[in-house]
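Undergrad: Starting off with a structure, shown below.
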Amino acid sequence: MRLQDSRSDAKLSELKQFSNWLLAIGDGRMEFSVDGIKKVKIPKDLLIDNCDDPISEIVESTYFNYSEHSTDMKYLQERAILAPTLQMVESVNDYMISLNYGRKKSYLSSDTIYMSDHSFTSLGHVYPPEFLNSIKCSGIPNHSITLKVGVPVMLLRNIHQSAGLCNGTRLIITRLRNWVIEAKVLSGNKSGNKVFIPRMSLTPYDSQILFKFQKR
2 MRLQDSRSDA KLSELKQFSN WLLAIGDGRM EFSVDGIKKV KIPKDLLIDN CDDPISEIVE
62 STYFNYSEHS TDMKYLQERA ILAPTLQMVE SVNDYMISLN YGRKKSYLSS DTIYMSDHSF
122 TSLGHVYPPE FLNSIKCSGI PNHSITLKVG VPVMLLRNIH QSAGLCNGTR LIITRLRNWV
182 IEAKVLSGNK SGNKVFIPRM SLTPYDSQIL FKFQKR
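Residues are numbered in our numbering as their position in the sequence shown, beginning at 1, plus a constant of 1.
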């Protein structure tokens, strides 16, 4: 958990309490059981009550007046939404993209069985491209992703560490091309730098997937 030195003492104290609470949850010190089900009590100031659409509510509460501040670097640097599941990530991403009225561009991956696998030929018949396209797992993008200029995104791989392009680096898209994405760095000591993200091959490492395949 990173605490910013520029914050006031009161804000730093609040952030420290929050980080300690998160660490306690991770250590299993905040949970209790109800009918054999482990639960964690969430403080009231962290809850959004009485909402019909939880996705829109959490986005609006985090990115208040997003349309008016979508190009404000400081505004975007100070905000992020963490989601517990891939399904929730997709829902938040889709809603965030819908708030941007720019022209959208979709990218499709080319998914194949890993070429170095000795059983490549036989696996290629068992797992056709349509099945590989449907696989969703942590650490790699889905087969189809839709982006717009001005949308904040996050890197999922280390590309060029000295340039600040590491796993977890936050960016804002400035231009979309067929084979490359131009973006501006939002986080880290390279904040404000213009970078280019090329199309690349990714191999997911998930223990639940019993074979290797590549996304490009």
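We treat Cβ as the ideally placed atom computed from N, Cα and C, and that holds for glycine.
Can you tell me which of the three DSSP states H70 falls into?
TA: The sequence position of residue 70 within the sequence shown is 69, counting from 1. Three-state result, H70: helix.
Undergrad: For M31 and P153, I'd like the C-alpha separation in whole angstroms.
TA: As a first step, residue 31 must be located in the sequence shown, where it is residue number 30. As a first step, residue 153 must be located in the sequence shown, where it is residue number 152. Going by the C-alpha atoms only, they are around 33 Å apart.
Undergrad: Quick one: does the C-beta of I198 sit closer than 6 Å to a heavy atom of the ligand MN?
TA: The ligand MN is absent from the structure shown, which contains no ligands of any kind.
Undergrad: Beta carbon of Y115, beta carbon of Q209: below 7 Å?
TA: Within the sequence shown, residue 115 is the residue found at index 114, counting from 1. Within the sequence shown, residue 209 is the residue found at index 208, counting from 1. Against a cut-off of 7 Å, the Cβ pair of Q209 and Y115 comes out as no contact.
Undergrad: Locate the beta strand (DSSP E) running through M155, then write down its first and last residues.
TA: Here residue 155 refers to the residue found at position 154 of the sequence shown. First-last of the beta strand (DSSP E) with M155: 153-155.
Undergrad: Determine the DSSP secondary structure at D28, reduced to helix, strand or coil.
TA: What you label residue 28 is simply residue 27 of the sequence shown in a count that begins at 1. Coil.
Undergrad: Once DSSP output is grouped into helix, strand and coil, what is the label at A164?
TA: In the sequence shown, counting from the first residue as 1, residue 164 sits at position 163. The answer is helix: DSSP assigns A164 an H, G or I state.
Undergrad: DSSP state of Y108, grouped into three classes?
TA: Locating residue 108 in the sequence shown gives position 107, counting from the first residue. Strand at Y108.
Undergrad: Could you tell me the boundaries of the beta strand (DSSP E) in which T175 lies?
TA: The residue labelled residue 175 in the question sits at position 174 within the sequence shown. Note, T175: beta strand (DSSP E), 171-177.
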